[in-house]
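Engineer: Residue 1 is where the sequence shown starts when you use UniProt numbering, and the numbers rise one by one after that.
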Amino acid sequence: MKPKPKPVLTKDTHKEKPTNIFKNRDGLGAYLASPSSYPSSRVIFHNDNFVVINDLYPKATVHTLLLPRSSAHNPLHPFDAFEDRDFLAAVRKETARLKELVAKEVKRRFSSLSKLDQARETALKNGVDDLPPGRNWLAEVKVGIHAHPSMNHLHVHVLSRDMHSECLKHRKHYNSFNTPFLVDVADFPLARDDPRRHPGREGYLDRSLKCWRCGKEFGNKFKALKEHLEVEFEEWKRE
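(1) DSSP beta-bridge partners for H157?
(2) Select from V62, V52 and E105 the residue whose C-alpha is nearest the C-alpha of S165.
(3) To the nearest angstrom, report how far apart E16 and K23 are at their CA atoms.
(4) Among L131, A103 and L159, which residue has its Cα nearest to the Cα of L116?
(5) What residues are listed by DSSP as bridge partners for H46?
(6) When DSSP builds the beta bridges, which residues end up paired with E217?
(7) Using DSSP with H/G/I as helix, E/B as strand and the rest coil, what is V183?
(8) What three-state label does DSSP hand N136 in the structure shown?
(9) When you compare only the Cα positions, how much space is there between P78 and L229?
(10) Do you know offhand how far A123's Cα is from L113's?
(11) Between the Cα of residue 241 and the Cα atoms of P199, K142 and F218, which residue gives the shortest distance?
(12) Beta carbon of P68, beta carbon of N49: below 8 Å?
(13) Report all residues from its chain with a CB closer than 8 Å to the CB of K210; omit the five preceding and five following residues, and keep chain order.
(14) Are there 16 or more other CB atoms within 10 angstroms of the CB of E235, so buried, or fewer, so exposed?
(15) Comparing alpha-carbon positions, which option in A90, H173 and S70 lies nearest V185?
(16) Do you know how far the Cα of H146 is from the Cα of E202?
(17) Is A191 helix, strand or coil by DSSP?
(18) Is E105 buried or exposed, if buried means 16 or more other CB atoms sit within 10 Å of its CB?
(19) Determine the burial state of H170: buried for a count of at least 16 other Cβ atoms within 10 Å of its Cβ, exposed for fewer.
(20) Kindly indicate which residue of R213, D206 and A72 has the alpha-carbon position closest to the one of N220.
(21) Whose CA, out of E83, H155, A103 and V143, lies closest to the CA of G29?
(22) To the nearest angstrom, report how far apart F82 and F181 are at their CA atoms.
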């Protein structure tokens with residue numbers, strides 16, 4: 001019996017173009033219908049209840065999507081789907097699993113550059129009893145759904161927080177992950193008066209651009225922000 005292949009997370013798979021009958025806003029349906037027909041570079045893993053894929057157009061170094069397979073829930077807006085407490089609990093459990101997987105992948109890529117991790121490695125080699133904690137890679141992962149999803153099938157974003165990607169192309173891309181427009185699964189079910197239920201009214205996507213790491217304001221100057229993010233990315237990797 002051949003060993004089960006290890007999950008593969010990659011940032012270079014957005015150039016693939018799946019050939020299927022699902023198009024435009026229904027594109028995620030293809031992965032739900034036939035996850036085994038995709039390579040491990042696209043479908044990371046799947047089971048009877050969930051499919052996990054690498055985002056076709058990643059907005060960060062590691063960007064994955066959790067797709068529930070429940071036909072009773074995946075056509076719904078997440079605000080409605082997560083009113084089902086049992087379903088929400090299942091999504092939270094699988095999201096936590098995926099978050100750990102993404103954190104491990106981010107660590108694999110950047111641990112050798114991290115001052116915190118290298119300090120711990122040095123202490124280990126020197127036999128120091130009181131080891132420094134190392135870097136908390138789970139804290140470098142964002143989780144959530146968009147208040148106004150761009151795709152029809154329910155999906156949860158689990159991604160590294162660096163916002164470093166050639167697919168990050170305009171203000172709405174950026175603000176959709178760096179304002180309350182991204183709603184953490186842990187916050188559900190939302191109260192009826194929660195302002196995140198009205199993302200258009202709140203104007204999340206049109207907000208002034210602000211660096212996720214240092215808080216510097218860029219107004220509507222996305223190009224300037226993008227250049228700044230390159231610098232922040234290099235510094236973030238070395239924390």
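For every residue, glycine included, the Cβ atom is placed at its ideal position computed from N, Cα and C.
On a predicted model such as this, the values are computed, not experimentally measured, just so you know.
Structural biologist: According to the data block:
(1) As DSSP reads the structure, H157 sits in a beta bridge with L65 and G144.
(2) S165 has its Cα closest to that of V62, out of V62, V52 and E105.
(3) Below a pLDDT of 50, predicted positions are generally treated as unreliable, and E16, at 48, falls in that range; the measurement from the model is reported next regardless. The alpha-carbon separation between E16 and K23 amounts to approximately 14 Å.
(4) Checked all of L131, A103 and L159; the closest Cα to L116 is L131.
(5) H46 is bridged to V51.
(6) Answer is K210, bridged to E217.
(7) Correct three-state label for V183: strand.
(8) Taken through DSSP and simplified to helix, strand or coil, N136 comes out as coil.
(9) A direct Cα-to-Cα measurement between P78 and L229 gives close to 30 Å.
(10) So the two alpha carbons sit approximately 16 Å from each other.
(11) An answer regarding residue 241 cannot be provided, because it is not within the stretch 1 to 239 covered by the chain.
(12) Yes. Within cutoff.
(13) These residues qualify, in order along the chain: N178, K216, E217 and F218.
(14) The residue in question, E235, is exposed, as its Cβ has fewer than 16 Cβ neighbours within 10 Å.
(15) Distances from the alpha-carbon of V185 to those of A90, H173 and S70 put A90 closest.
(16) If you draw a straight line from the Cα of E202 to the Cα of H146, it comes to about 14 Å.
(17) Assigned with DSSP and collapsed to three states, A191 falls in coil, not helix or strand.
(18) Result: buried.
(19) Burial call: exposed.
(20) Taking each of R213, D206 and A72 in turn and checking the Cα distance to N220, the smallest one comes out for D206.
(21) The residue with the shortest Cα to Cα distance from G29 is H155.
(22) Rounded to the nearest angstrom, the two C-alpha atoms are 16 Å apart.
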